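Asker: Below you will find the structure I want to go over with you.
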Amino acid sequence: MENNLLTLRTLFDSALDEQIRFVMTPIEMLKPMVYSLKNGGKRLRPLLLLSTLSIQSTDLIKSGLKTAIALEYIHTYSLIHDDLPAMDDDEIRRGQPTNHIQFDEATAILAGDALLTDAFGIIVEDDLLSAETKNKLIFELSRAAGSHGMVAGQLSDIQANEEADFDDLVTIHSLKTGKLFTFAVKAAAIIAELDEQEMQLLVDFSEHFGRAYQIHNDIMDVEGTEEGTGKKVKKDQKHHKVTYPSLLGLEASKQELKKELDAGKDKLRQLNKQTNKPYQQLNAFLDLLTL
Ligand code: GRG
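Using my numbering, the letters of the sequence shown map in sequence onto residues 1493 to 1783.
Written out as structure tokens, the structure is:
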């Protein structure tokens, strides 16, 4: 699977380069967008989408490329805006200056706005998908990213205070980070025209993955060092942060992580049993989060 992920990543990066190369966007607009699109993201969401498609058939992978790009555009916009002074006020992301530090605040806001808006146009211009499929994808993406999903989660996160409990934490993160992961598998299911039952199992898997991802992220904030810099990840927070370690403690958070990873594996076993397709390949995503 390592190999498969590398191949899909190369494919995705070439498709993204092509998207950027042929777009008729003025260079001053494109520069801050490309700066954040191409500064070292792990491409987890597009890879989850493309891997889920590759399990169906190799031929289907190309039909997911534009949607995967749209998804990465929205993820990138969310990071640019999350780093702004009004939100997390971060100066470094992925070991490099954040967008508003590299350019300026207004440019970063607009680069995020452009990425968000362009994402939907990228799906519309996909020649490989039917109008009906594109409608479904656009609807699901707007639900996952907007006021029913990521943006609502971001607002709840900012508004959370010391009274936030475990249920609040799970709700915040299922919206803020979980919904885009779920979109990745739902998009693959829509493109591959999977039945309801298979899609639901994939959604269940993505929810366990999303929760595991967030717990892992929170644990790394306490224990980890930033990749490539060796520096502690932890920093002063502008807003009160509700995290798994702050609510449960570190050891219980590690147990919770294991519980989510095991539940994710279990969903993949069920998927494999019910469909006979090699869904265990998606274990590679869970392995990324194993401590
Ligand atoms: C500002 C509308 C708006 C939303 C922001 C997702 C989000 C909502 C903010 C990100 C803040 C954050 C650091 C959350 C923790 C989990 C997370 C999404 C980390 C970054 O995602 P990765 O690990 O990033 O996929 P890379 O760098 O690999 O692209």
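All C-beta atoms, glycine included, are put in the ideal place defined by N, C-alpha and C. Computed from a prediction, not measured in an experiment: that's the story for all the values here.
Taking C-beta to C-beta, are Phe-1697 and Leu-1783 nearer than 8 Å?
Answerer: Against the sequence shown, residue 1697 aligns to sequence position 205. Against the sequence shown, residue 1783 aligns to sequence position 291. Cβ distance not < 8 Å, so Phe-1697 and Leu-1783 don't count as in contact.
Asker: Assign Pro-1538 to one of three DSSP states: helix, strand, or coil.
Answerer: Looking up residue 1538 in the sequence shown gives position 46. Collapsing the DSSP output to three states places Pro-1538 in a helix.
Asker: When you compare only the Cα positions, how much space is there between Phe-1701 and Glu-1752?
Answerer: Translated into the one-based positions of the sequence shown, residue 1701 becomes position 209. Translated into the one-based positions of the sequence shown, residue 1752 becomes position 260. Straight-line Cα distance between these residues: approximately 7 Å.
Asker: I'd like to confirm something about Gln-1646: is its beta-carbon nearer than 7 Å to some heavy atom of the ligand GRG, or not?
Answerer: The sequence position of residue 1646 within the sequence shown is 154, counting from 1. Answer for Gln-1646: yes, Cβ within range of the ligand GRG.
Asker: Might you give, ordered along the chain, the residues of its own chain that have their beta carbon closer than 7 Å to the beta carbon of Leu-1552, omitting 5 neighbours on each side?
Answerer: For this step, residue 1552 is matched to residue 60 along the sequence shown. Sequence-distant partners of Leu-1552 (beyond 5 residues in either direction) whose C-beta falls short of 7 Å from its own C-beta, in its chain, are Leu-1545, Ile-1683, Ala-1684.
Asker: Hey, quick one: how far does the alpha helix (DSSP H) through Met-1525 stretch, first residue to last?
Answerer: Within the sequence shown, residue 1525 is the residue found at index 33, counting from 1. Here the alpha helix (DSSP H) through Met-1525 covers 1519-1529.
Asker: Could you pull out every residue in the same chain whose Cβ sits closer than 7 Å to the Cβ of Pro-1524, ignoring the five residues on either side in sequence?
Answerer: Translated into positions along the sequence shown, residue 1524 becomes position 32. The beta carbon of Pro-1524 sits closer than 7 Å to those of Asn-1591, Phe-1595, Thr-1599, Ala-1600, Ala-1603, all from its chain and outside the five residues before and after it, given in chain order.
Asker: With the cut-off set at 8 Å, would you say Leu-1661 and Tyr-1736 are in Cβ contact?
Answerer: Position 169 of the sequence shown holds residue 1661. Position 244 of the sequence shown holds residue 1736. A distance below 8 Å separates the beta carbons of Leu-1661 and Tyr-1736.
Asker: From the DSSP output, read off the bridge partner residues of Arg-1585.
Answerer: The residue you call residue 1585 lines up with position 93 of the sequence shown. Partner(s): Gln-1588.
Asker: Within 10 angstroms of the Cβ of Pro-1577, are there 16 or more other Cβ atoms? Answer buried if so, exposed if not.
Answerer: By one-based count along the sequence shown, residue 1577 stands at place 85. Flag for Pro-1577 reads exposed.
Asker: May I ask which residues mark the beginning and end of the alpha helix (DSSP H) holding Val-1662?
Answerer: The residue labelled residue 1662 in the question sits at position 170 within the sequence shown. Start and end: 1658-1665.
Asker: Helix, strand or coil, according to DSSP, for Glu-1655 in the structure here?
Answerer: In the sequence shown, counting from the first residue as 1, residue 1655 sits at position 163. Glu-1655 falls in the coil class under three-state DSSP.
Asker: Going by beta carbon distance, what residues of the same chain come within less than 8 Å of Glu-1632, once the five residues before and after it are set aside?
Answerer: Here residue 1632 refers to the residue found at position 140 when the sequence shown is read from its first residue. Counting only Cβ-Cβ distances below 8 Å, and skipping sequence neighbours, we find Phe-1675, Lys-1678, Ala-1679, Ile-1682.
Asker: Compare the beta carbon distance of Tyr-1565 and Leu-1503 with 8 Å and say whether it is the shorter of the two.
Answerer: Along the sequence shown, read from residue 1 onward, the residue named residue 1565 stands at position 73. Along the sequence shown, read from residue 1 onward, the residue named residue 1503 stands at position 11. Cβ atoms of Tyr-1565 and Leu-1503: not closer than 8 Å.
Asker: What residue range does the alpha helix (DSSP H) around Pro-1737 cover?
Answerer: Position 245 of the sequence shown, counted from the first residue, corresponds to residue 1737. First-last of the alpha helix (DSSP H) with Pro-1737: 1736-1740.
Asker: Apart from the five residues just before and just after Asn-1531, which ones in its own chain have a Cβ nearer than 7 Å to its Cβ?
Answerer: Start at 1 with the first residue of the sequence shown, and residue 1531 comes out as number 39. Closer than 7 Å at the Cβ level, and outside the excluded window around Asn-1531, lie Arg-1586, Gln-1588.
Asker: Can you tell which of Asp-1659, Ile-1547, Asp-1687, Leu-1563 has its C-alpha closest to the C-alpha of Gln-1773?
Answerer: The residue you call residue 1773 lines up with position 281 of the sequence shown. For the residues Asp-1659, Ile-1547, Asp-1687, Leu-1563, the minimum Cα distance to Gln-1773 belongs to Ile-1547.
Asker: Should Asn-1591 be listed as close to the ligand GRG, given that the test is whether its C-beta is under 7 Å from any heavy atom?
Answerer: Reading the sequence shown from its first residue, position 99 is the one you call residue 1591. Outside the cutoff, so no.
Asker: Helix, strand or coil, according to DSSP, for Val-1695 in the structure here?
Answerer: Position 203 of the sequence shown, counted from the first residue, corresponds to residue 1695. Val-1695 falls in the helix class under three-state DSSP.
Asker: Which same chain residues, not among the five before or five after Asn-1775, have their C-beta less than 7 Å away from its C-beta?
Answerer: The residue given as residue 1775 occupies position 283 in the sequence shown. Excluding positions up to five away in sequence, the list reads Lys-1757, Leu-1760.
Asker: Following the continuous alpha helix (DSSP H) through Val-1515, name the residue where it begins and the one where it ends.
Answerer: The residue labelled residue 1515 in the question sits at position 23 within the sequence shown. Segment: none, Val-1515 is in no alpha helix (DSSP H) and carries neither H nor E.
Asker: If you follow the alpha helix (DSSP H) that Lys-1628 is in, where does it begin and where does it stop?
Answerer: Walking along the sequence shown from the start, residue 1628 turns up at place 136. In this chain, the alpha helix (DSSP H) harbouring Lys-1628 covers 1623-1637.
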